[in-house]
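Here is the structure we will look at, set down as structure tokens.
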Amino acid sequence: MIKAITGTKDILPNDINNWRRLENLIESRMKLYNYREIRTPVFEETSLFSRGIGETTDIVSKEMYTFTDRSGTSITLKPEMTASVVRAYLEHNLGKQYNFLKMYYISPMFRQERPQAGRLRQFHQFGAEAIGSNDPALDAEMIELSYSVLVNFGLKNLEIKINSLGTPESREIYKNELRSYLKSKFSDLSDDSKKRFNSNILRIFDSKDETDQIIMNQAPKILSYLDGQDLSHFEEVKKYLNLIGLNFSVDEKLVRGLDYYTNTTFEIISPKIGSQSALCGGGRYNLLIEQLGGKPTPATGFAAGMERILLACQNENCMDSSGQKIDVYIVRIDQDKESEVFKLASQLRNNGITTEHDYLSRSVKAQMREANRLNSNFVIMVGGNEFKHGNVVVKNMEDGTQVETKFSDINEIKRKLSK
RNA sequence: GUGGGCGUAGCUCAGUUGGUUAGAGCGUCUGGUUGUGGCCCAGAAGGUCAUGGGUUCAAAUCCCAUCGUUCACCCCA
């Protein structure tokens, strides 16, 4: 038997309720903050991601689904959305049309990692990008917006962490300081961190190794190396968050893995979903647009993992477990009333009434059981003596009462259903 | 890429130190009035015990391999 590809999951009819609930919530929150939806293709030219995300990042260097199409072009299934949004922004000259633009998306993403709790190879993210402003209020708005989706979905155990990475210049100075600090401790570092020393030194802050953590607690911190402008930008962000009463903590160890971040970074984590605890991550990327061939343009954004949100929701018991519900189930009493049932179903549906009937030639009892299982508000029975007088029986499934009404008068049937 | 756990009915799982026809609950189906649901009762269907090999008189149970899955490292949403 053919099975789904490792790391991919079917979203079955029984799962769909909560997905739709999340999607609807995202749409309504985004609308409140005036973000407009953008959809981009699932694949792009590979170079977009290698240039945008960073050649040396794990995502680009070992996790992308890349293939060559028949024309010889190297193509990659999108591992994240920011690069694609910026590409579309530049390709369609949206910057000329709007000097400031807010966009959001809901989309599948693809990364070839080993699956584990909260990590799939095809997964879904929603996120937002605001392009054209360096206003710290926007950084704060991003945090508030993403947090508001999580909270309104029903999650309670959430923690907001923020940090600032400054500019590439100040970060370089800082990284040099960090390098010289770590040189003397190099032999004590874990093997992983020894590798990180060369590849991505800031990542050593993320290490779960105890010795690493002790060493890094003593290490110089990035905030002391920010220049005046970046520092006051960060202060402003914090001020705005405080203004709206959002609880957060500054975590100087919070470094993001993608190369394009500058200044503010943030993460919202949940302790409820295992080791992949980040529900949402984002920050400012003031240099990316230039890097991808546009004019220098400040921008900020975030992405959130939908499977992780649903996982957290499950573990916090905030899933909606309500089942199916329909308005009417038509029970066919006599086998030969198939045409009448079919016609009535059509009429009811065209009147906006959710209607179901039997397709398996089942007994009246089985049809009734099915009506009950589907949580039908009413049953309409077609056949028997009543039908000989031109009537059908309308049964209220809640209280069990039933009345007769004319089969030919759809308006009268509708009236009986509204009681 | 590295390491650990686990693969028995549609689902969740039992299965004693290897020992006859492999079980339960839920779900499904049928029946309990001729034309009426929920609760209850009775019955039924449904399993190559992941796959392949080995040990043994005997394997769901022990060993090996493969595949799948899951968790963690790594990395990230």
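Residue numbering for the first sequence follows our numbering, starting at 588 and increasing by one per position. Heads up, the beta-carbon is just placed ideally off N, CA and C, and yes, glycines get one too. Please read all numbers here as calculations on a predicted model, not as lab measurements.
Query	Result
Expected contact under 8 Å - CB spacing of G641 and D846 to nearest Å	3 Å
Distance between V629 and L677 (C-alpha atoms, nearest Å)	18 Å
Under 7 Å between C-beta atoms of E947 and Q911	The residue you asked about is not Glu; residue 947 is Leu in the sequence shown. No, they are not a contact pair.
G881 versus R626, R674 and P666, residue with shortest Cα-Cα distance	R674
Three-state secondary structure assigned by DSSP to Y812	helix
Start and end residues, alpha helix (DSSP H) containing K683	L681 to Q684
Bounding residues of the alpha helix (DSSP H) (the contiguous stretch that carries R949)	That residue, R949, is in no alpha helix (DSSP H); it is neither H nor E in DSSP.
Distance, V981 Cα to M696 Cα	49 Å
Three-way DSSP call (helix, strand, coil) for V824 in this model	helix
Given 8 Å, three or more beta-carbon pairs between the region 803 to 817 and the region 742 to 755	yes
CB of V979 within 7 Å of CB of F965, strictly	no
Cβ-Cβ separation, T655 to T663 (assumed contact under 8 Å), whole Å	Contact doesn't hold; Cβ gap of about 11 Å is too wide.
Alpha helix (DSSP H) segment containing A724, residue limits	P723 to F740
Assumed close pair S963, Y916 - CB separation to whole angstroms, cut-off 8 Å	4 Å
Residue environment, M588, which counts as buried when at least 16 other CB atoms sit within 10 Å	exposed
Meets three-Cβ-pair contact criterion under 8 Å: the region 728 to 736 and the region 777 to 792	no
Boundaries (first-last residue) of the beta strand (DSSP E) holding T538	There is simply no residue 538 to check, as the chain begins at 588 and stops at 1006 in what is shown.
Short Cβ contact (7 Å threshold) for T988 with M729	no
L681 to K665 span [Cα, whole Å]	21 Å
Which listed residue (M955, L776 and I809) has its alpha carbon closest to that of T852	I809
C-beta contact flag for K748 and S811 at 7 Å	no
The region 756 to 770 touching the region 916 to 934, judged by at least three CB pairs closer than 8 Å	no
Coarse secondary structure for T595, derived from DSSP in three states	coil
At least 3 beta-carbon pairs within less than 8 Å: the region 828 to 842 vs the region 859 to 867	no
Close Cβ partners of A717 (< 6 Å) along its chain, the five nearest in sequence each way excluded	K689, L725 and T887
Extent of the continuous beta strand (DSSP E) run through R919	I913 to R919
Inter-residue CB distance, P885 and N744 (contact presumed, cutoff 8 Å)	Their Cβ separation, rounded to whole angstroms, is 33 Å, which puts P885 and N744 out of contact at 8 Å.
Pick from R607, I876 and L599 that is closest to T669, judged by C-alpha positions	I876
Reduced DSSP secondary structure (H/G/I, E/B, other) of N998	helix
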